[in-house]
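Numbering (the numbering used here), first residue to last: 187 to 389.
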């Protein structure tokens, strides 16, 4: 009796096979439907959209390139200026010592007695020789970019002059005028090398 109840009848077997077939047919249809639905949501970009994206990226790359080129040009200019300054002003300390020698030469000339008709001939020749040496020396300095700027009678310029004293302005002299220059101003390629030591007329 138990064996009879466990064994399916032919009608039950046919019903089970029909149900399995229906499920198998339904699965490919569902997968195909899902595939079609997925393709509808992932729409590829149009040609216009791709072109717009590429143009935007090109614009960004061009802006970065222009910025980098400008920075490189600034670097080249700054480096060239620094090299030029180094070349021009590398001898600044030496030049300052040289102009000190020129000033000492002038002090020696100023210490000589003023020219007179009855002075000894040797004194006149000595003065003339020292003056010739000074002219040649100053000319040599100028060839190398060292210039002497006399301050006597010039308006006081804090960029070139250093006031050592102030005295009442003589008659006919404007206040602020250099009335006495102990030393001249010296420049190296236009840059102040040594200021003039001066006495300025007060008010």
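Cβ atoms here follow ideal geometry from the backbone N, Cα and C, with glycine treated the same way.
Remember, predicted model here, so these are calculated numbers, not experimental data.
With H, G and I counted as helix, E and B as strand and the rest as coil, what does DSSP make of residue 307? It is helical.
Note down the Cα distance separating residue 384 from residue 308, rounded to an integer number of angstroms. Looking at the two C-alpha atoms, the distance is approximately 34 Å.
By Cβ distance, which residues of its chain are closer than 6 Å to residue 356, with the 5 residues on each side in sequence left out? So no residue of the chain qualifies.
Rounded to whole angstroms, what's the CA-CA distance from residue 352 to residue 336? Just pull it up for me. If I take the Cα positions, the gap works out to 18 Å.
If you draw a straight line from the C-alpha of residue 345 to the C-alpha of residue 378, how long is it? Computed Cα separation, rounded: 8 Å.
For residue 363, which of helix, strand or coil comes out of DSSP? Secondary structure of residue 363 (DSSP, three-state): strand.
By the 10 Å Cβ neighbour count, where 16 or more other Cβ atoms means buried, how is residue 334 classified, buried or exposed? Counting Cβ neighbours within 10 Å, residue 334 comes out buried, since at least 16 surround it.
Where the beta strand (DSSP E) through residue 379 begins and ends: Bounds of the beta strand (DSSP E) holding residue 379 are 377-380.
Return the CA-CA distance between residue 182 and residue 276, expressed in angstroms with no decimal places. For the chain, the structure presents residues 187 to 389; residue 182 sits outside this window and is missing.
Would residue 375 and residue 274 qualify as a contact pair, given that the criterion is a beta-carbon distance under 9 Å? Result yes, Cβ atoms of residue 375 and residue 274 sit closer than 9 Å.
Looking at C-beta atoms only, is the number of pairs between the segment 354-370 and the segment 252-266 that lie closer than 8 Å three or more? These segments do not touch.
Mind checking which residues open and close the alpha helix (DSSP H) that includes residue 291? Start and end: 278-297.
Please report the distance separating the alpha-carbon of residue 389 from that of residue 359. Going from the Cα of residue 389 to the Cα of residue 359 covers about 10 Å.
Hey, would you say residue 330 sits closer than 9 Å to residue 381, going by beta carbons? Result no, Cβ atoms of residue 330 and residue 381 do not sit closer than 9 Å.
Give the DSSP bridge partners of residue 373, in chain order. DSSP lists 333, 378 as the beta-bridge partner residues of residue 373.
Please determine, among 319, 316, 387, 325, the residue with the shortest C-alpha to C-alpha distance to residue 341. Taking only the C-alpha atoms, the option nearest residue 341 is 387.
Determine, using beta carbons only, whether residue 298 and residue 323 come nearer to each other than 9 Å. Judged by beta-carbon spacing, residue 323 lies beyond the 9 Å limit of residue 298, meaning their Cβ atoms are not closer than that value.
With a 10 Å radius around its C-beta and 16 neighbouring C-beta atoms as the bar for buried, classify residue 361 as buried or exposed. Note on residue 361: under 16 other CB atoms within 10 angstroms of its CB, so exposed under the neighbour-count rule.
Measuring straight from C-alpha to C-alpha, what distance separates residue 326 and residue 278? The C-alpha of residue 326 lies about 16 Å from the C-alpha of residue 278.
Bridge partners of residue 350, per DSSP? According to DSSP, which records beta bridges pairwise, residue 350 is partnered with nothing at all.
Which two residues bound the contiguous alpha helix (DSSP H) that contains residue 301? Taken as a continuous stretch (DSSP letters only), residue 301 belongs to no alpha helix (DSSP H), as it is neither H nor E.
Measure from the alpha carbon of residue 319 to the alpha carbon of each residue in 288, 301, 328, then state which is nearest. Nearest of 288, 301, 328 to residue 319, Cα basis: 288.
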